[in-house]
Each structure stands twice: as structure tokens, then as C-alpha cells.
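S.K.: I am attaching a structure below and will ask some questions about it afterwards.
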Amino acid sequence: MSQAVLLVVAQTMVLLALSPFIVGLIRKVKARLQCRRGASVFQPYADLAKLFKKQPVVSTTTSWIFTATPYILFASTLAAGLLVPVFVSQTPLNFAGNIIALVYLLALGTFFLMLAGLDAGSAFGGMGSSREAIVASLTEPAAILSIFAIALTTGSTNLSTIVHKTALLQGIDTAPSPHLMALAALFIVTIAETGRVPVDNPATHLELTMIHEAMILEYSGRYLALVEWASGIRLLVFLTLIVNVFAPWGIATTLTPVALGVGLGVYILKVAGMAVLIGVIESMFAKLRLFRVTDLLGVAFILALLGVLFFYILRG
Amino acid sequence: MDGWAVAPVNVEFSSLSPPVLAFLLAALSLLGLGLVAAFGGLAKTRFYKTWGCGINLTPRMEYTATGFVQPIKRVFSAIYQPTVKLETELLEESRYFAKRRRFESRIEPVFQKYLYDPVVAFFIAAADRLRIIQAGSLHLYLTYIFVVLVLLLLITI
Chain U
47 MSQAVLLVVA QTMVLLALSP FIVGLIRKVK ARLQCRRGAS VFQPYADLAK LFKKQPVVST
107 TTSWIFTATP YILFASTLAA GLLVPVFVSQ TPLNFAGNII ALVYLLALGT FFLMLAGLDA
167 GSAFGGMGSS REAIVASLTE PAAILSIFAI ALTTGSTNLS TIVHKTALLQ GIDTAPSPHL
227 MALAALFIVT IAETGRVPVD NPATHLELTM IHEAMILEYS GRYLALVEWA SGIRLLVFLT
287 LIVNVFAPWG IATTLTPVAL GVGLGVYILK VAGMAVLIGV IESMFAKLRL FRVTDLLGVA
347 FILALLGVLF FYILRG
Chain W
972 MDGWAVAPVN VEFSSLSPPV LAFLLAALSL LGLGLVAAFG GLAKTRFYKT WGCGINLTPR
1032 MEYTATGFVQ PIKRVFSAIY QPTVKLETEL LEESRYFAKR RRFESRIEPV FQKYLYDPVV
1092 AFFIAAADRL RIIQAGSLHL YLTYIFVVLV LLLLITI
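Top line first, the protein sequences correspond to chains U and W. Under the numbering used here, think of the first position of the first sequence as 47, with each following residue one higher. Under the numbering used here, think of the first position of the second sequence as 972, with each following residue one higher.
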């Protein structure tokens, strides 16, 4: 029992500590590709520390939802992160929720963020919420279906079981094509859900193109710090999902100190690799028009659907 | 973890524990509060009006429900078939001034029209037919009870 609690605490610490680094790393990669030196990869830590110390300004027209949302968003995102195996394949909280719980924990945060965007009554917030609503409602079926494609091949919807079996190469009896299609779909979903370039631009404050930034425009001080930290964790959770579901090798399958150390090291390397990839993609593509985003998400949905179909076809 | 999780017959396949998730959410919210207290102290919040590019916001500038669903209406236009009608009556003296404008925007109520309405219509039609046996005559109802009793007796034998 105490071991389980320790593992949960360790996983929380890793998610909290690593997420600003990933955000900083993506910014650094983008800066380098634009021939800039860029800020240090540890800049987001300094940003968070500064935001926490600043005095928050809250609109007089807001309700309790506005001040409660950062905490709800932070808690739901972190709870989602605790359901994903990070550096140990069998998380103690595995029994608490499967992959469907994960998707809807993240959706809970998105829902409250949309309400908070509308709460202040500013047109920007409403615009951001409206756009987030369409993006979220289109990514959700693609996310669920791609995860089902994986769940079918491993025979479980619980992430620890999926990761553990894949890491030990057990029960993978079909050809890898459903996996690859699910991977492509989940990658598109990741980009859309975390507000990355072809869908949204995290570095912009240009009013007419933003989605996520428009919703959080009214936040400042400690509230903004929590929202920013939560979106960093959200990005890390999605990257973790991709690397650990599709390539879990190196993750600690036993609880020996050596395995744990190797698991943590390999995990940081893998996630950092994914962050570099995201940075390169952000530099290579321009942001899509809002109504072209639906095409991209349609592709993700079709890929995931094909993944599920291929599983049944290949099984015969 | 027995008694705390909802799981199908095959526990390997899936399990879910709403109370543990609720506890987790509450605990992590407290962690958020703790982090805020630890990193920044609790600076007093300043209340000020919503930022609106330097102009004073009025309730008319808020996002309306129609505006909010605009992207969904557009993406799923094949299903909802939104129609917009704008009629303008111009002044006779000049074409630049409108005497009267009429704006109409509607979407096809797909679920109401093709899912709920047929079901409701079916039951109303069935009720209309069945009204024949429920004519309001007490003697008739007593006969029904008698017939049902006889039938029940026959069945038990």
C-alpha cells in the first residue's frame, strides 16, 4: 500500500516537474529552426514562478466558475496523467480508470475552460470557447476510436495492461497495421487537443487566429500560472500516451531500483524526442484555417476507424 | 481494490472506480491550492472590468448562443441545413437607406423531426385507436375486470 502511494506521488512529481521543460524544449527547437538562439529550455519554470507571485486581476462580471476553473483544470489534467503509465508499466491507479475515463477527465477540464472563456463576457473568450467546442467535439470520436483500435489488439482498455503487455511482447497476435493507423490518428488528436500548430498556435496573441489563448485571455497571476501548467501537463500526458502505448520498451516492468532508474531515463529521452518532433512539425507547417481543421480531424477519425476495421479483417 | 471499482466479468479488460476518481480530483485540487500557497503566497485579487481593447463592454457585445454554435452549424451543415433569410425594404428616395429589415435564421430540427416526432405520432395514433375500449362507462370497466379475473383463473388451472 505504501509502495503504491509512493509510486503515485513520484508520478505526480515527474509530471509536474517535467511538463515545463517539454514546453521549453519545443520553444527552443522552434527558435533554433528560425535561426534564433531562443530562451533557455528552463524559461517556462521562471515564467511560472513569476506568474505565481503576481497579483491576479479578475473581471467584476465573472462568477465562481472563473476562479474555480484553474483548479479544476489542474486537478483533472493531473488525474488523467496519473492513469497513464509514465515510467512504471503497472501504475497503482490502474484500477481507478480505463482509457475512456482518461479521455473524459481531459474533457472535463476542456468543458470548464470553455465555460470560463464565456464567463468574463468578452468577445474573445466567447470566440475561443466556440472554436474549442467544435475542435473538442471532433477530436473526441477520433481519440476514442484510435484507443479502441489499440484496446482490441491487446484485449484491454486499461492503460497499464496495454503498456505492460506490449512492453513484454505478450498477446500481440496481429499485424501492426491497426497499431500504425491508430498511432497516426492519435498523433493528429494530440496536435489538436494540445493546441499545436496546424490547428492552433500557442505562441500567438493575434485575436483572429487563436483558440486556446482566446479562452484564457482574461486570466492573470496565479490563475494563469495554473492554467499554463495544466496545459503543459496535458501536452505531456498526450506525448506519454503516444510513446508508452506504441513504443513502451524500456519502461520499468518490475519495481527494482535499477529498472525504475532506467525507466525514468528512457521515458525522459522518449518524451524529449517527441517534443523535438512537435517543434519540427510546428516549424514546417502553417496554421490551417479553422474550417480546414475539420478536414484534418476527419482524416484522424477515418484512420482510427480503419484501424478498428483492419483488426477484424486481419483476424479473419 | 474489491468493492471500490466497477468492472465487467473480465477484470483484465476494463475497470473504473468513480469514488477513487472523485477522491483523486479533490486531492489534486487541494494540491493546486497548496502549490499556489507555496510558490506565490496569496496576493490579494484585484477586481476590474473585463478587458475590451480599451472600450467599455456592454452586454450586447457578448457571445450569443447563435454565435457560439456557428462553427458547429457550418461544419455539420449537411445535417442541420441552416438557412439565413435577409429581406430589406429600401427607401424610395435612396437605395442607401433601409426602411425595414427582416432577418431570419433557422436550422432543420433533425432529431425532433426524424426521431422524436415519429415516435410521438405512433403513440398518439395507438392511443386514439385504444380509446374505443376506454369509453368512460363504469359497467364496461366492471366487465373488463370480470373477464380478466376469469382469464386469470383459467390460466392458473
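Positions of the beta carbon are idealized from the N, C-alpha and C atoms, including for glycine. All figures in this text were calculated on a predicted structure; none of them were measured in a lab.
1. What separation, rounded to the nearest whole angstrom, lies between the Cα atoms of LEU124(U) and ALA1092(W)?
2. Around the Cβ of HIS1110(W), are there at least 16 other Cβ atoms within 10 angstroms (buried) or fewer (exposed)?
3. Show which residues of chain W have a CB atom less than 8 Å away from the CB atom of GLU264(U).
4. In the DSSP assignment, what are the bridge partners of PHE98(U)?
5. Between the alpha carbons of TYR265(U) and GLU1058(W), how many angstroms are there, rounded?
6. Compare the C-alpha of LEU119(U) against each of LEU214(U), TYR269(U) and LEU301(U) and name the closest.
7. Count the other CB atoms, across all protein chains shown, that sit within 10 Å of the CB of THR1054(W); report buried if there are 16 or more and exposed otherwise.
8. Going along the chain, which residues of its own chain have a beta-carbon closer than 7 Å to the beta-carbon of MET320(U), five neighbours each way excluded?
9. Taking PHE141(U) as part of the beta strand (DSSP E), name the residues at either end of that continuous run.
10. So, with DSSP's three-state summary, where would you put SER175(U)?
11. Between LEU349(U), ILE324(U) and VAL339(U), which has its C-alpha nearest VAL1046(W)'s C-alpha?
12. Nearest to ILE234(U) by alpha carbon, out of ALA346(U), ILE72(U) and CYS81(U)?
13. Are the C-beta of PRO1080(W) and some C-beta of chain U separated by less than 8 Å?
14. When you compare each of ALA142(U), ASN140(U), ALA169(U) and GLY174(U) to THR156(U) by their alpha carbons, which one comes out closest?
15. The alpha helix (DSSP H) that contains ARG1073(W), what's its start and end?
16. For ILE262(U), which residues of its own chain have a beta-carbon under 6 Å away from its beta-carbon, when the five flanking residues on both sides are left out?
17. Any C-beta of chain U sitting closer than 8 Å to the C-beta of VAL1121(W)?
18. Buried or exposed: which applies to GLY1038(W), given that a residue is buried once 16 or more other Cβ atoms fall within 10 Å of its Cβ?
19. Report the residues of the stretch 177 to 189 of chain U with a CB closer than 9 Å to any CB of chain W, ordered along the chain.
20. Below 8 Å on the Cβ atoms is my guess for GLY325(U) versus ILE111(U); work out the distance and round it to an integer in Å.
21. What does DSSP give as the partner residue(s) for LEU987(W) in the beta ladder?
22. Taking C-alpha atoms, which residue in LYS1056(W), ALA1096(W) and LYS1070(W) lies nearest to ARG1077(W)?
23. Run through chain U and tell me which residues come within less than 9 Å of ILE1043(W), C-beta to C-beta.
24. List, in order along the chain, the chain W residues whose C-beta lies closer than 7 Å to that of PHE141(U)?
25. So if I threshold CB-CB distances at 8 Å, which residues from the stretch 187 to 208 of chain U count as touching chain W?
26. Starting from the C-beta of VAL977(W), find all residues in its chain whose C-beta is less than 8 Å away, skip the five residues before and the five after it, and write them out in chain order.
27. Is VAL283(U) closer than 8 Å to ILE297(U) when the C-beta atoms are compared?
28. Run through DSSP, which three-state label would THR156(U) get?
29. Determine the chain W residues that contact ARG268(U) at a beta-carbon separation under 7 Å, and present them in chain order.
30. Short of 6 Å in beta carbon distance, which residues of its chain neighbour PHE1068(W), apart from the five on each side in sequence? Order them along the chain.
31. Out of curiosity, what's the CA-to-CA distance linking ALA260(U) and GLY171(U)?
32. State the start and end residues of the unbroken beta strand (DSSP E) segment that holds TYR1019(W).
33. For the alpha helix (DSSP H) containing THR1037(W), name the first residue and the last one.
34. Just how far apart, CA to CA, sit MET59(U) and ILE279(U)?
35. So is LEU214(U) buried or exposed if we call it buried at 16+ other beta carbons inside 10 Å?
36. The alpha helix (DSSP H) spanning GLU328(U) covers which residue range?
M.R.: In terms of the structure at hand:
1. 49 Å
2. exposed
3. THR1021 and TRP1022
4. BP columns for PHE98(U) are empty, so no partner.
5. 42 Å
6. TYR269(U)
7. exposed
8. LEU285, ILE288 and VAL289
9. Here PHE141(U) belongs to no beta strand (DSSP E), and DSSP marks it neither H nor E.
10. helix
11. VAL339(U)
12. ALA346(U)
13. no
14. GLY174(U)
15. Per DSSP, ARG1073(W) belongs to no alpha helix (DSSP H); it is in the beta strand (DSSP E), 1069 to 1077.
16. VAL273
17. no
18. exposed
19. ARG177, ALA179, ILE180, VAL181, SER183 and LEU184
20. Not a contact, Cβ separation roughly 34 Å.
21. VAL977(W)
22. LYS1056(W)
23. SER176, ALA179, ILE180 and SER183
24. MET972, ALA976, SER986 and SER988
25. GLY201, SER202, THR203, ASN204 and THR207
26. SER986, LEU987, SER988 and PRO989
27. no
28. helix
29. VAL1007 and GLY1011
30. LEU1062
31. 5 Å
32. 1017 to 1019
33. 1036 to 1039
34. 11 Å
35. exposed
36. 303 to 330
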